[in-house]
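Enquirer: Dropping the structure in here first, questions after.
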Amino acid sequence: MTSAREDTGESGGLTTGEVARRLGVAPTTVRSWDRRYGLGPDAHTGGKHRRWTAADIARLERMCALTTTGVPPAEAARLAREGAPLDTRQPSAEAAGVSRSGPVRSRARTGLQLGDVRQECKGLARAALRLDAAALDELLASVITAHGLVTAWNEVIMPTLQAVGRKWETSGEKYVEVEHFLSWHVAGALRRGSPPVAAERPGATVVLACVPGESHTLPLEVLAAALAERGLPVRMFGAALPVEALVEAVRRTGPAAVGLWAQSRTTASRPLAQHVAAMEWGVRGARRQPVVLTLGPGWAGRTLPGLLRPTGLVEALAAVESVVRR
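Heads up: the sequence shown begins at 1 in the UniProt record's numbering, then just goes up one per residue.
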């Protein structure tokens, strides 16, 4: 196992940016803790950049752990300076930041049951629990840029969201604000990172909508962003689209595929999906119908002849691309 001494490197330690990525905070937060609470590096090296040793980072990790549990920052800083250092036996800072070389796993000290996940989940979880908007936006942008949207969603963002959801379910309505906060910032990161909407191409448009009564839009937003990355024209209609509006949207766009998201079995409507799949448009003799994808856990266990049932983002992308090419 790599030691903390090896992580920081005997020759000089980590930069402030590397420490921030490792902890899941913004670099400005690290500098602020140094300036306000005296949690900076013990030793100073030559040059303009300060370097952080394993002992310095252990104090900051304790600061993170204490503020995550609600301890005021000034008190957390005092305890961090006086208390025993936390276990710093973690992967190197380069890998703990945004590594392109493959998954780096972490059993994070965040209070969330993350399990064996990528190291970046630790940063997201800490930033979300602290309601640190700046750090969260920076981390999300970094992980999407480094790994690509699909890997970032499947291996970093979704596991963190699921851990927050489990914490909410087992804590008596606590942490609801954390889930909403994290979801909001993920949606913002998707929009900021998505390319411009592709121009209409006859027979290639994809319509995405939540079924009536369904308000969970984030997985659809991920799919929309991933399709936009691939240059496919997408029309996203968001939460709880009424039946009449959905039918009108399909009629006006003439899509190759329609994705209907249902989070709950109570909102998944088999008659609605079949009605959309039976719609036709085009000139007589060359009429077309959309391929309907039933998306989300609400459709689980339901066999709907003629409708596609992809079970994840990768499978949904493959299904849509196959339909458009056809």
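We put the beta carbon where it would ideally sit given N, CA and C, even for glycine.
1. Assess contact between the region 177-192 and the region 247-259, defined as three or more Cβ pairs (one per stretch) separated by less than 8 Å. Is contact present?
2. In whole angstroms, give me the CA-to-CA distance for T205 and L232.
3. Leaving aside the five residues before and after L293 along the sequence, list all residues of the same chain whose C-beta is less than 8 Å from its C-beta, in chain order.
4. Could you name each continuous alpha helix (DSSP H) segment of 4 residues or more that falls completely within the region 253-323, going from the start of the chain to the end?
5. Secondary structure at A26, three-state DSSP: helix, strand or coil?
6. Return the Cβ separation of A224 and M236 in integer angstroms, given the expectation that the two are a contact with Cβ distance under 8 Å.
7. Can you name the residues that DSSP bridges to L208?
8. Taking just the CA atoms, how far does L304 sit from R270?
9. For E214 and V19, I'd like the C-alpha separation in whole angstroms.
10. Starting from H216 and walking both ways along the alpha helix (DSSP H), at which residues does that stretch end?
11. How is L131 classed by DSSP in three states: helix, strand or coil?
12. Suppose contacts are defined by Cβ-Cβ distances below 8 Å. Is L124 in contact with V176 by that definition?
13. In whole angstroms, give me the CA-to-CA distance for C121 and H147.
14. Measuring only the C-alpha atoms, how far is D42 from A163?
Expert: Concretely, from the data shown:
1. No, the region 177-192 does not touch the region 247-259.
2. 7 Å
3. So the list reads A257, V258, G259, L260, L307, L308, R309, P310, A316, A319, V320, once near-sequence residues are dropped.
4. With a minimum length of 4 residues, the continuous alpha helix (DSSP H) runs that stay inside the region 253-323 are 270-278.
5. coil
6. 5 Å
7. DSSP lists M236, G259 as the bridge partner or partners of L208.
8. 7 Å
9. 41 Å
10. That residue, H216, is in no alpha helix (DSSP H); it is neither H nor E in DSSP.
11. coil
12. no
13. 13 Å
14. 35 Å
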